[in-house]
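First to last, the sequence lines map onto chains D and Y. Once you know that position 10 of the first sequence is 10 in my numbering, the rest is easy, because the numbers rise by one and skip nothing. Once you know that position 85 of the second sequence is 85 in my numbering, the rest is easy, because the numbers rise by one and skip nothing. A short worksheet on the structure shown next.
2 protein chains.
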Amino acid sequence: MEFKDNIPIYLQIKQYLYRQIITGKLKPGKKIPSVRELAVQLTVNVNTVQRALQQMNFEGILYTKRGEGNFVTEDTTLLEKTKRELINAELDKFVQSMNSFGVSDEQILKSLTEYLKEERK
Amino acid sequence: MEFKDNIPIYLQIKQYLYRQIITGKLKPGKKIPSVRELAVQLTVNVNTVQRALQQMNFEGILYTKRGEGNFVTEDTTLLEKTKRELINAELDKFVQSMNSFGVSDEQILKSLTEYLKEERK
DNA sequence: GATAGTGTACTATAGGTGTATTACGGCCAA
DNA sequence: TTGGCCGTAATACACCTATAGTACACTATC
């Protein structure tokens, strides 16, 4: 996995895992790869993976069974809520950013529509 | 100025200045506040400001007159180009992010439209 | 020339991040 | 019980970021 500089890797791992979970690639109640496996797979140190998992554990999106592994929460309500929140945060960031460039709400929609058209080529 | 953790301050300063320039709050050819002034204004160390300015200097968006100050470039073509690039980068990030959440292009437009409606309340 | 304001450079220090390594304790199946 | 996975913890090291402080060089102005 490639990591951007300027953003801590453990945060990028969190993002990665959140996306895996939200898109259903990692399913509720299912075991996720072990810290050592993830460390190898992401070419990162075990400690770095662990920091990400610890936080996600704290956030309730994962739970840990010592000696067994980490599992995706079965709380589908929380999962849905998390997804909505993440999407909303993206919208927030995006609109705020565009506004700070002096782009009005109407222009944002226009730009995005054009962009999506361009992208499809 | 409030800074987000997890992103280097000097990068946030760059973003801030880019936005000031792009939105015309800092005009082409005009002197920008001195490093010491900015440092106080942004409650940050001089060195941190300087790193941001150095990079922007290198990028051509600013030019330095030693002993006088930093000035916004008069190359309006570059300014326009920069603005387009920054906006495009935002669009890129946004769409990519939404896609990674399993949101299709059509859904993105829908979500954004709804979001903007909500926001206006 | 003196002064004030500008950018620039250097050192030292502190904290966060990431790595490498070692070690310990829990779980499970052979 | 043993061996092999698990998560967890602690340590030491290196790097980047940010701060603080000091000093120097350049410019304009009086």
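Ideal placement from N, C-alpha and C gives every residue a C-beta, glycine not left out. Quick caveat: nothing in here was measured; it's all calculated off a predicted structure.
Give me the residue from the options with the minimum Cα distance to residue i.
{"i": "Gln15(D)", "options": "Gln107(Y), Thr23(Y) and Ser97(Y)", "result": "Ser97(Y)"}
{"i": "Ile87(Y)", "options": "Leu11(D), Phe94(D) and Phe58(D)", "result": "Phe94(D)"}
{"i": "Gly128(D)", "options": "Ala39(Y), Thr76(Y), Phe101(Y) and Thr64(Y)", "result": "The question about residue 128(D) has no answer here: the residues shown for chain D are numbered 1 through 121."}
{"i": "Leu91(Y)", "options": "Leu42(D), Glu118(D), Ile21(D) and Thr43(D)", "result": "Glu118(D)"}
{"i": "Glu85(Y)", "options": "Arg19(Y), Ile13(Y) and Lys110(Y)", "result": "Arg19(Y)"}
{"i": "Ala39(D)", "options": "Lys30(D), Pro28(D), Leu53(D) and Gly29(D)", "result": "Leu53(D)"}
{"i": "Leu62(Y)", "options": "Ala89(Y), Lys110(Y), Lys30(Y) and Glu37(Y)", "result": "Lys30(Y)"}
{"i": "Met1(Y)", "options": "Thr43(Y), Arg66(Y), Lys81(Y) and Lys121(Y)", "result": "Thr43(Y)"}
{"i": "Phe3(D)", "options": "Gln41(D), Pro28(D), Leu109(D) and Lys110(D)", "result": "Gln41(D)"}
{"i": "Arg36(D)", "options": "Ala89(D), Lys81(D), Gly67(D) and Tyr115(D)", "result": "Gly67(D)"}
{"i": "Pro28(Y)", "options": "Pro8(Y), Glu80(Y), Asn6(Y) and Asp5(Y)", "result": "Glu80(Y)"}
Just verifying my parser: in three-state terms, what is the DSSP assignment at residue i?
{"i": "Ser122(D)", "result": "Nothing can be reported for residue 122(D): it is not among the residues displayed for chain D, which extend from 1 to 121."}
{"i": "Met1(D)", "result": "coil"}
{"i": "Ile13(Y)", "result": "helix"}
{"i": "Asn99(D)", "result": "helix"}
{"i": "Lys121(D)", "result": "coil"}
Looking at the ligand COA, does it come within less than 8 Å of residue i, judged from the CB to the closest heavy atom?
{"i": "Val72(Y)", "result": "This structure lacks the ligand COA, and indeed carries no ligand of any kind."}
I'd like the list of long-range same chain contacts for residue i, defined as Cβ closer than 6 Å, with 5 residues on each side in sequence excluded.
{"i": "Ser34(D)", "result": "Gly69"}
{"i": "Lys83(Y)", "result": "Ile22"}
{"i": "Asn57(D)", "result": "Thr64"}
{"i": "Asn47(D)", "result": "none"}
{"i": "Ile128(D)", "result": "Examination of residue 128(D) is not possible in this model, given that chain D is present from 1 through 121 alone."}
Apart from the five residues just before and just after residue i, which ones in its own chain have a Cβ nearer than 7 Å to its Cβ?
{"i": "Arg51(Y)", "result": "Tyr10"}
{"i": "Asn45(Y)", "result": "Ala39"}
Give every residue of the same chain whose Cβ lies closer than 8 Å to the Cβ of residue i, excluding the five residues on either side of it in the sequence, and list them in chain order.
{"i": "Leu26(Y)", "result": "Leu17, Gln20, Ile32 and Val72"}
{"i": "Gly60(Y)", "result": "Thr73, Asp75 and Leu78"}
Which residue spans inside the segment 19-94 of chain Y form an unbroken alpha helix (DSSP H) run of at least 4? Within the segment 19-94 of chain Y, the complete alpha helix (DSSP H) runs of at least 4 residues are 35-41 and 46-59.
Using a Cβ-Cβ cutoff of 8 Å, what residues of the segment 4-17 of chain Y are near chain D? List them in chain order. Among the residues of the segment 4-17 of chain Y, those with a Cβ less than 8 Å away from any Cβ of chain D are Asn6, Ile7, Pro8 and Leu11, in the order of the chain.
At a CB distance below 9 Å, what residues from the segment 21-35 of chain Y approach chain D? Give them in sequence order. Answer set for the segment 21-35 of chain Y: Ile22, Thr23 and Gly24.
The segment 64-87 of chain D: which residues have C-beta closer than 8 Å to a C-beta of chain Y, in chain order? From the segment 64-87 of chain D, only Lys83, Leu86 and Ile87 have a Cβ closer than 8 Å to chain Y.
Residues, ordered as in the chain, of the segment 100-114 of chain Y that lie near chain D by beta-carbon distance below 8 Å: Listed by position, the residues of the segment 100-114 of chain Y near chain D (Cβ gap below 8 Å) are Ser100, Phe101, Gly102, Val103, Asp105, Ile108, Leu109, Ser111, Leu112 and Thr113.
Where the segment 46-58 of chain Y meets chain D: residues whose CB sits under 7 Å from a CB there: Contact annotation: in the segment 46-58 of chain Y, no residue has its CB less than 7 Å from a CB in chain D.
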